[in-house]
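Peer 1: Going down the list, the sequences are from chains A and B. Here the working numbering is used: the first residue of the first sequence is 1, the next is one more, and so on. Here the working numbering is used: the first residue of the second sequence is 136, the next is one more, and so on. Think of the CB as a built atom: it goes at the ideal place given N, C-alpha and C, for glycine as much as any other residue.
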Amino acid sequence: MTAVSGTSEKVTRRAVQLEANFERIAYLGMRMSGIVLLVLAVGHMMIQHVLNSSTNLTIQFVAEQWRSWGWKSYDMLLLIFAFSHGINGLRNVLSDYIHNDKIMKGINVFLAVFLVVTILWAGFAIARFDPAAIQ
Amino acid sequence: MQVQLRIRRFNPEKDEKPWWGEYTLDNVNPNDSVLDLLHRVKWEIDGTLTLRRSCAHGVCGSDAMRINGANALACKTLVARLIKEGATQARIQVEPILGLPVVKDLVVDMEPFFEHYKSVKPYFINNSPPPENGRERLQSPEDRARYDDTTKCILCAACTTSCPSFWADGRYVGPAAIVQAHRFIFDSRDEGYAERLKVVGDTFGVWRCRTVFNCTNACPREIEVTKAIAEVKRALTTGKV
Numbered sequence: 001m002t003a004v005s006g007t008s009e010k011v012t013r014r015a016v017q018l019e020a021n022f023e024r025i026a027y028l029g030m031r032m033s034g035i036v037l038l039v040l041a042v043g044h045m046m047i048q049h050v051l052n053s054s055t056n057l058t059i060q061f062v063a064e065q066w067r068s069w070g071w072k073s074y075d076m077l078l079l080i081f082a083f084s085h086g087i088n089g090l091r092n093v094l095s096d097y098i099h100n101d102k103i104m105k106g107i108n109v110f111l112a113v114f115l116v117v118t119i120l121w122a123g124f125a126i127a128r129f130d131p132a133a134i135q
Numbered sequence: 136m137q138v139q140l141r142i143r144r145f146n147p148e149k150d151e152k153p154w155w156g157e158y159t160l161d162n163v164n165p166n167d168s169v170l171d172l173l174h175r176v177k178w179e180i181d182g183t184l185t186l187r188r189s190c191a192h193g194v195c196g197s198d199a200m201r202i203n204g205a206n207a208l209a210c211k212t213l214v215a216r217l218i219k220e221g222a223t224q225a226r227i228q229v230e231p232i233l234g235l236p237v238v239k240d241l242v243v244d245m246e247p248f249f250e251h252y253k254s255v256k257p258y259f260i261n262n263s264p265p266p267e268n269g270r271e272r273l274q275s276p277e278d279r280a281r282y283d284d285t286t287k288c289i290l291c292a293a294c295t296t297s298c299p300s301f302w303a304d305g306r307y308v309g310p311a312a313i314v315q316a317h318r319f320i321f322d323s324r325d326e327g328y329a330e331r332l333k334v335v336g337d338t339f340g341v342w343r344c345r346t347v348f349n350c351t352n353a354c355p356r357e358i359e360v361t362k363a364i365a366e367v368k369r370a371l372t373t374g375k376v
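#1: Alpha carbon to alpha carbon, how far is R175 (chain B) from C288 (chain B)?
#2: Which residue marks the beginning of the alpha helix (DSSP H) containing R318 (chain B), and which one marks its end?
#3: Please work out which residues of its chain come closer than 6 Å, Cβ to Cβ, to A205 (chain B), disregarding the five sequence neighbours upstream and downstream, and give them in chain order.
#4: Is the CB of S300 (chain B) under 9 Å away from at least one CB in chain A?
#5: Using only the alpha-carbon positions, how far apart do T118 (chain A) and D198 (chain B) sit?
#6: Residues of chain A with CB under 7 Å from T338 (chain B), in chain order?
#7: Indicate whether at least one CB of chain A lies closer than 9 Å to the CB of P310 (chain B).
#8: First and last residue of the beta strand (DSSP E) that includes T159 (chain B)?
#9: Please compile the residues from chain A whose C-beta is within a distance smaller than 8 Å of the C-beta of T372 (chain B).
#10: At 8 Å on the CB atoms, spell out the chain A contacts of A329 (chain B), in chain order.
#11: Quick one: which unbroken beta strand (DSSP E) runs of 3-plus residues sit fully inside the segment 192-259 of chain B? Chain order, please.
#12: Can you tell me the Cα-Cα spacing of E357 (chain B) and G34 (chain A), whole angstroms?
#13: Specify the secondary structure class of A125 (chain A) as computed by DSSP and reduced to three states.
#14: For N164 (chain B), which option in B:K152, B:E220, B:I180 has the closest C-alpha, if you only look at C-alpha atoms?
#15: Verify the CB distance criterion: does V109 (chain A) have a CB-CB separation below 9 Å to chain B?
#16: As a quick exercise: from B:G309, B:I142, B:L371, pick the residue whose alpha carbon is nearest that of N349 (chain B).
#17: What separation, rounded to the nearest whole angstrom, lies between the Cα atoms of F321 (chain B) and E19 (chain A)?
#18: Tell me where the beta strand (DSSP E) around R144 (chain B) begins and ends.
#19: Given that V334 (chain B) touches chain A, what residues does it touch there, using C-beta distances under 9 Å?
#20: Would a C-beta distance cut-off of 9 Å place R141 (chain B) and P153 (chain B) closer than the cut-off?
#21: DSSP beta-bridge partners for S168 (chain B)?
#22: Is any beta-carbon of chain B found at less than 9 Å from that of H85 (chain A)?
#23: In this structure, how does DSSP classify A370 (chain B) when only helix, strand and coil are distinguished?
#24: Apart from the five residues on each side of it in sequence, which residues of its chain come closer than 6 Å, Cβ to Cβ, to F301 (chain B)?
#25: According to DSSP, A15 (chain A) sits in a beta bridge with which residue or residues?
#26: Using a Cβ-Cβ cut-off of 7 Å (strictly less than) and excluding sequence neighbours within five positions of G193 (chain B), which residues of its own chain qualify?
#27: Express the C-alpha separation of M46 (chain A) and G70 (chain A) in angstroms, rounding to a whole number.
#28: Under 9 Å, Cβ to Cβ, is there at least one residue of chain B near R128 (chain A)?
#29: When you compare each of A:R91, A:W121, A:G86 to I203 (chain A) by their alpha carbons, which one comes out closest?
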């Protein structure tokens with residue numbers, strides 16, 4: 001590569017009007033959710049398994065955590081970002097190997113419904129969780 | 136030294152499926168290229184061996200093949216690079232590049248590769264009138280440097296046929312076509328960047344790249360292919376070229 005001796009002011013920058021494109025949104029979503037998961041997932045592992053011993057990780061421990069809406073929100077965010085990140089990864093892998101457009105469209109619809117239903121179902125379960133019922 | 140050369144053979148007129156041809160070559164100099172060994176097989180042992188080559192000096196890009204499991208130009212790959220220092224015997228395996236239909240032995244049909252190449256409009260597009268003084272369209276050295284790396288491509292297909300995404304789905308335009316698109320998208324004199332970004336931003340464009348880096352490793356011209364693909368992805372996500 002030729003060395004660049006001047007300043008960046010000598011570089012021509014141009015703008016381009018981008019069309020709506022699902023693949024671009026999915027690509028950006030994958031990167032953004034990856035960054036968020038670096039904080040949420042690593043933070044979760046540190047708190048649950050390092051700061052607290054794994055041997056103490058019982059349903060009572062989780063119930064105690066879920067007394068606070070802060071912890072419920074943390075876990076719901078983890079659920080949303082991890083699940084959507086994973087499902088998009090699965091979509092990418094499947095699209096590499098399934099070349100029939102109709103089948104792939106059907107799989108995409110199934111994955112989208114599965115994603116939304118699971119997040120709503122699990123999110124509802126976390127939100128409505130009653131710690132008192134565990135005692 | 137002695138080399139056991141294992142070559143993937145296939146003659147569609149005779150063979151039902153590909154097979155391995157084993158050839159023993161004596162008096163091999165470690166400074167011989169793999170192309171030299173293939174020439175010896177063709178000229179001294181089996182004249183039916185079919186391969187594509189032209190300049191034999193790493194410029195024309197005709198003899199890309201899979202050597203010991205990695206894509207390379209046969210003319211630029213020396214035996215010395217494939218053996219341990221001081222070895223007196225070696226085994227070298229040569230196959231056609233993957234992902235393209237085999238025509239015969241080491242020759243593949245390059246048409247699908249060139250179809251992808253053509254799809255990115257790999258030519259200068261500028262509908263503005265040329266400078267009135269009749270001279271060339273000027274650009275700063277900094278603007279020229281932005282696409283310098285991608286001007287080096289010789290279209291050997293080593294990158295595209297080393298890419299697992301291309302193996303999985305031949306509709307992916309592939310690293311070589313994206314490198315060609317990069318060469319023109321980032322040329323400040325070119326006005327076709329929006330058209331090209333539309334092509335490489337398609338479902339079978341840059342998004343199929345999984346950043347495996349096989350293309351960068353395979354490029355005989357040492358083009359930073361994955362970096363070029365990343366720059367195109369950035370242009371597509373930011374809208375800035």
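Peer 2: On the basis of the data shown:
#1: Position 40 of the second sequence, counted from the start, is the residue given in the question as residue 175 (chain B). Position 153 of the second sequence, counted from the start, is the residue given in the question as residue 288 (chain B). Taking the straight line joining both Cα atoms gives about 29 Å.
#2: Residue mapping note: residue 318 (chain B) aligns to position 183 of the second sequence, counting from 1. Counting along the chain, the alpha helix (DSSP H) containing R318 (chain B) begins and ends at 309-320.
#3: Residue 205 (chain B) sits at position 70 when you count from the first residue of the second sequence. Excluding positions up to five away in sequence, the list is empty.
#4: What you label residue 300 (chain B) is simply residue 165 of the second sequence in a count that begins at 1. So, interface residue.
#5: Position 118 of the first sequence, counted from the first residue, corresponds to residue 118 (chain A). Position 63 of the second sequence, counted from the first residue, corresponds to residue 198 (chain B). Between T118 (chain A) and D198 (chain B), the C-alpha separation is close to 52 Å.
#6: For the purposes of this step, residue 338 (chain B) is taken as residue 203 along the second sequence, with counting starting at 1. Ordered by position in chain A, the residues that pass the 7 Å Cβ test against T338 (chain B) are E23.
#7: On the second sequence, position 175 is the one that residue 310 (chain B) refers to. Closer than 9 Å: no.
#8: Mapped onto the second sequence, residue 159 (chain B) falls at position 24. Unbroken beta strand (DSSP E) run through T159 (chain B): 154-160.
#9: Residue mapping note: residue 372 (chain B) aligns to position 237 of the second sequence, counting from 1. Correct list: R24, Y27, L28.
#10: Residue numbering aside, residue 329 (chain B) sits at position 194 when the second sequence is read from its first letter. The answer, in chain order, is V16, Q17.
#11: 199-202, 205-208, 224-230, 237-239
#12: By one-based count along the second sequence, residue 357 (chain B) stands at place 222. By one-based count along the first sequence, residue 34 (chain A) stands at place 34. Looking at the two C-alpha atoms, the distance is approximately 30 Å.
#13: Position 125 of the first sequence, counting from 1, holds the residue named residue 125 (chain A). A125 (chain A) falls in the helix class under three-state DSSP.
#14: The residue labelled residue 164 (chain B) in the question sits at position 29 within the second sequence. Ranking B:K152, B:E220, B:I180 by Cα distance to N164 (chain B) puts B:E220 first.
#15: Here residue 109 (chain A) refers to the residue found at position 109 of the first sequence. Not an interface residue.
#16: Here residue 349 (chain B) refers to the residue found at position 214 of the second sequence. Among B:G309, B:I142, B:L371, the Cα nearest to that of N349 (chain B) belongs to B:G309.
#17: Counting from 1 along the second sequence, the entry for residue 321 (chain B) is found at position 186. Counting from 1 along the first sequence, the entry for residue 19 (chain A) is found at position 19. Each residue's Cα considered, the two are about 19 Å apart.
#18: Along the second sequence, one-based indexing puts residue 144 (chain B) at 9. Element bounds for R144 (chain B): 137-144.
#19: Residue mapping note: residue 334 (chain B) aligns to position 199 of the second sequence, counting from 1. Within 9 Å Cβ-Cβ: nothing; V334 (chain B) doesn't reach chain A, min ~12 Å.
#20: Taking the second sequence and counting its residues from 1, one reaches residue 141 (chain B) at position 6. Taking the second sequence and counting its residues from 1, one reaches residue 153 (chain B) at position 18. No, Cβ-Cβ distance for R141 (chain B) and P153 (chain B) is not below 9 Å.
#21: Residue numbering aside, residue 168 (chain B) sits at position 33 when the second sequence is read from its first letter. Answer is B:L213.
#22: Locating residue 85 (chain A) in the first sequence gives position 85, where the first residue counts as 1. Not an interface residue.
#23: Taking the first residue of the second sequence as position 1, residue 370 (chain B) is located at position 235. Helix, per DSSP.
#24: Residue 301 (chain B) sits at position 166 when you count from the first residue of the second sequence. Contacts found: G234, T295, Y307, G309.
#25: To locate residue 15 (chain A), count along the first sequence from 1; it is residue 15. Looking at the DSSP assignment, A15 (chain A) forms a beta bridge with B:K375.
#26: On the second sequence, residue 193 (chain B) is found 58 positions in, with the first residue counted as 1. Correct list, in chain order: L208, C210, K211, P355.
#27: Counted from its first residue, the first sequence places residue 70 (chain A) at position 70. Counted from its first residue, the first sequence places residue 46 (chain A) at position 46. Approximately 17 Å, taken between the alpha carbons.
#28: For this step, residue 128 (chain A) is matched to residue 128 along the first sequence. Taking Cβ atoms only, chain B never reaches closer than 9 Å to R128 (chain A), which makes this a no.
#29: This structure cannot speak to residue 203 (chain A), because chain A is shown only from 1 to 135.
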